[in-house]
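Numbering (the UniProt record's numbering), first residue to last: 1 to 358.
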């Protein structure tokens with residue numbers, strides 16, 4: 001309404017603007033922030049070009065997180081009567097559970113604490129035999145809390161601990177714990193003139209550690225990826241009779257090619273590939289260790305090509321001839337490059353070098 005009320009006195013929509021100005025007085029003056037659910041509409045129209053666009057997006061507020069648990073985006077294009085639609089959305093049952101699950105899939109122990117471990121001091125003092133005795137004092141200092149724990153509880157009967165376990169207490173008090181609801185989510189987007197839909201749950205996210213380990217194993221040996229897509233970005237065919245009775249035809253085709261090549265090698269320390277990660281039933285840790293540093297290099301080839309082919313004409317049935325006038329526009333882009341990178345997470349030192357691929 002606020003946008004519609006800004007029309008000029010001499011605009012064609014002046015009467016509509018007057019009605020919008022009268023309705024503005026009934027709008028709620030409260031400014032609703034993005035933490036609430038809402039729906040937003042925006043229209044764009046170009047009368048001379050017979051073009052119009054309507055953008056629609058809405059969000060569903062989450063009751064346990066500031067990020068919405070649902071988001072929808074829809075764009076409708078009207079090109080002289082030819083309608084095209086673009087859609088994207090995601091839905092998650094609980095954003096807090098979603099981020100908690102993601103947080104449990106990795107561990108930053110190696111990043112900050114591993115250099116303080118006994119293994120670090122053992123390797124360090126092993127290089128200097130004269131200082132090796134300091135290793136034991138350093139180990140005792142860093143594991144003092146363990147010594148205090150065993151001094152206090154080492155001689156306790158193990159059954160005494162089991163007597164007051166949380167499971168036993170809940171049973172004595174007749175407490176029925178509520179089972180956590182399984183996380184569920186889905187998202188959809190459009191790419192290569194097609195729709196892609198994905199659904200996920202707890203098990204999907206919990207497989208990330210084993211997948212990450214597999215990919216880093218491939219990266220250390222040399223990883224290559226190649227994707228090539230051919231698709232029609234737009235395809236339109238119109239036919240109707242002219243005043244002379246001859247059939248008129250209009251065709252529009254936009255064949256498109258997309259190609260992406262990627263070759264990379266990378267190393268991490270400590271090695272993510274060699275660090276335990278996987279499924280608990282296989283006696284592996286169910287998270288990925290964050291490395292201290294991450295180094296590697298990659299070669300990238302990116303190519304994009306498109307042809308716009310439009311034809312108008314008519315057919316003469318008596319001699320089976322077709323008279324055509326056409327328009328073609330070609331576009332092609334090619335971007336080859338390589339880059340080296342070095343990420344030192346322990347010292348927050350990051351470096352990336354990019355250069356053309358020879």
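No residue lacks a Cβ here, since even glycine has one placed at the ideal position from N, Cα and C. In this text, all values refer to a predicted model and were calculated from it rather than measured experimentally.
Continuous alpha helix (DSSP H) stretch holding residue i: start and end
| i | result |
| --- | --- |
| residue 213 | 208–221 |
Selected residue, minimal CA-CA separation from residue i, among the options
| i | options | result |
| --- | --- | --- |
| residue 235 | 339, 197 and 250 | 250 |
| residue 265 | 54, 340 and 336 | 340 |
| residue 53 | 26, 81 and 59 | 81 |
| residue 198 | 89, 343 and 326 | 89 |
| residue 76 | 69, 24, 86 and 67 | 86 |
| residue 314 | 195, 169 and 247 | 247 |
| residue 35 | 67, 299, 21 and 42 | 67 |
| residue 298 | 311, 343, 309 and 338 | 338 |
| residue 19 | 100, 29, 3 and 252 | 3 |
| residue 42 | 50, 17 and 74 | 74 |
| residue 17 | 6, 27 and 172 | 6 |
| residue 231 | 190, 171 and 170 | 190 |
| residue 301 | 169, 233, 271 and 357 | 357 |
| residue 253 | 169, 321, 172 and 306 | 306 |
| residue 304 | 202, 255 and 243 | 255 |
| residue 201 | 242, 91 and 83 | 91 |
| residue 219 | 169, 63, 188 and 271 | 271 |
| residue 242 | 312, 176 and 350 | 312 |
| residue 360 | 176, 70 and 173 | Lying outside 1 to 358, the shown extent of the chain, residue 360 is not represented and no answer is given. |
| residue 84 | 233, 351 and 343 | 233 |
| residue 65 | 56, 57 and 95 | 95 |
| residue 237 | 171, 204, 310 and 260 | 310 |
| residue 260 | 336, 352, 351 and 321 | 336 |
Residue i (DSSP reduced to helix, strand or coil)
| i | result |
| --- | --- |
| residue 200 | strand |
| residue 124 | Interpretation of residue 124 is limited by its pLDDT of 47, a score under 50 that renders its predicted location unreliable; the figure taken from the coordinates is listed afterwards. Helix. |
| residue 351 | strand |
| residue 52 | strand |
| residue 96 | helix |
| residue 86 | strand |
| residue 101 | helix |
| residue 25 | coil |
| residue 60 | strand |
| residue 181 | coil |
| residue 195 | strand |
| residue 295 | strand |
| residue 171 | helix |
| residue 18 | helix |
| residue 3 | coil |
Classification of residue i by the beta-carbon crowding that lies within 10 angstroms, buried from 16 upward
| i | result |
| --- | --- |
| residue 324 | exposed |
| residue 227 | exposed |
| residue 334 | exposed |
| residue 291 | buried |
| residue 194 | exposed |
| residue 40 | exposed |
| residue 59 | buried |
| residue 102 | exposed |
| residue 288 | buried |
| residue 318 | exposed |
| residue 240 | exposed |
| residue 44 | exposed |
| residue 183 | buried |
| residue 113 | Note that residue 113 has pLDDT 48, beneath the 50 cutoff, so the model's placement of it is unreliable and the number below is only indicative. So residue 113 ends up on the exposed side. |
8 Å Cβ cutoff met for residue i and residue j
| i | j | result |
| --- | --- | --- |
| residue 208 | residue 105 | yes |
| residue 93 | residue 181 | yes |
| residue 213 | residue 273 | yes |
| residue 258 | residue 225 | no |
| residue 267 | residue 222 | no |
| residue 98 | residue 185 | yes |
| residue 216 | residue 293 | no |
| residue 22 | residue 37 | no |
| residue 308 | residue 332 | no |
| residue 78 | residue 51 | yes |
Terminal residues of the beta strand (DSSP E) in which residue i lies
| i | result |
| --- | --- |
| residue 290 | That residue, residue 290, is in no beta strand (DSSP E); it is neither H nor E in DSSP. |
| residue 344 | 321–344 |
| residue 43 | 38–46 |
| residue 253 | 247–269 |
| residue 74 | 70–79 |
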